[in-house]
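Numbering (the working numbering), first residue to last: 23 to 228.
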């Protein structure tokens, strides 16, 4: 992890901490729907190898190991009723991989922290990989990509959603998911990710 000071919202390194540096460049463009984000590692060796193996090379056995690091993270504003919800993948990618890597991480994370796991988000469209897109194109690619499963609003009402994903890159995907959850009754949404891409890695295919 980077040395302090860090942004309280997203833990991006905050430079000197002087007044002129207080607008965090890591989350200044995020939707207000995403309250906070935490990640276990930066996306560098060996964390990037684990992410790639889980996501592309058919190693679902890695999920509990990776989720244990995520479960050790301190959750901002923790309290009240919490739900664990994975960022869903498209039906096409689910057929190709045989599993949703975020779903596997969420399952192990929820079990470790003794929290309920709910798969309430449904993903459609956005079949163009985010990894190949410029940051300015990512939000447009996932616009309208998420909807809710039947009966989700009743479960979400007043809950603190811990949204689980493998990698945080620009935040476009998780902000879109957070907006859907907040509009449907969630009190707040916090992202818990295994790794965060470094600015120079934001176009890497991982």
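Glycine is no exception: its CB is placed at the ideal position from the N, C-alpha and C atoms. Note that the structure is a prediction, hence the values are computed from the model and not measured.
Beta carbon of residue i nearer than 7 Å to that of residue j
{"i": "residue 75", "j": "residue 87", "result": "no"}
{"i": "residue 189", "j": "residue 217", "result": "yes"}
{"i": "residue 172", "j": "residue 127", "result": "no"}
Distance, residue j Cα to residue i Cα
{"i": "residue 212", "j": "residue 182", "result": "8 Å"}
{"i": "residue 200", "j": "residue 56", "result": "6 Å"}
{"i": "residue 77", "j": "residue 169", "result": "23 Å"}
{"i": "residue 108", "j": "residue 196", "result": "10 Å"}
{"i": "residue 30", "j": "residue 58", "result": "8 Å"}
{"i": "residue 65", "j": "residue 205", "result": "31 Å"}
{"i": "residue 71", "j": "residue 215", "result": "15 Å"}
{"i": "residue 91", "j": "residue 203", "result": "25 Å"}
{"i": "residue 28", "j": "residue 97", "result": "15 Å"}
CA nearest to the CA of residue i, picked from the options
{"i": "residue 136", "options": "124, 221, 103", "result": "103"}
{"i": "residue 175", "options": "207, 101, 80, 191", "result": "207"}
{"i": "residue 198", "options": "144, 220, 100", "result": "144"}
{"i": "residue 220", "options": "54, 27, 61, 53", "result": "61"}
{"i": "residue 101", "options": "194, 191, 184", "result": "184"}
Inter-residue CB distance, residue i and residue j (contact presumed, cutoff 8 Å)
{"i": "residue 131", "j": "residue 93", "result": "5 Å"}
{"i": "residue 138", "j": "residue 106", "result": "7 Å"}
Cβ-based burial, residue i [other Cβ within 10 Å; buried from 16]
{"i": "residue 125", "result": "buried"}
{"i": "residue 50", "result": "exposed"}
{"i": "residue 73", "result": "buried"}
{"i": "residue 45", "result": "exposed"}
{"i": "residue 118", "result": "exposed"}
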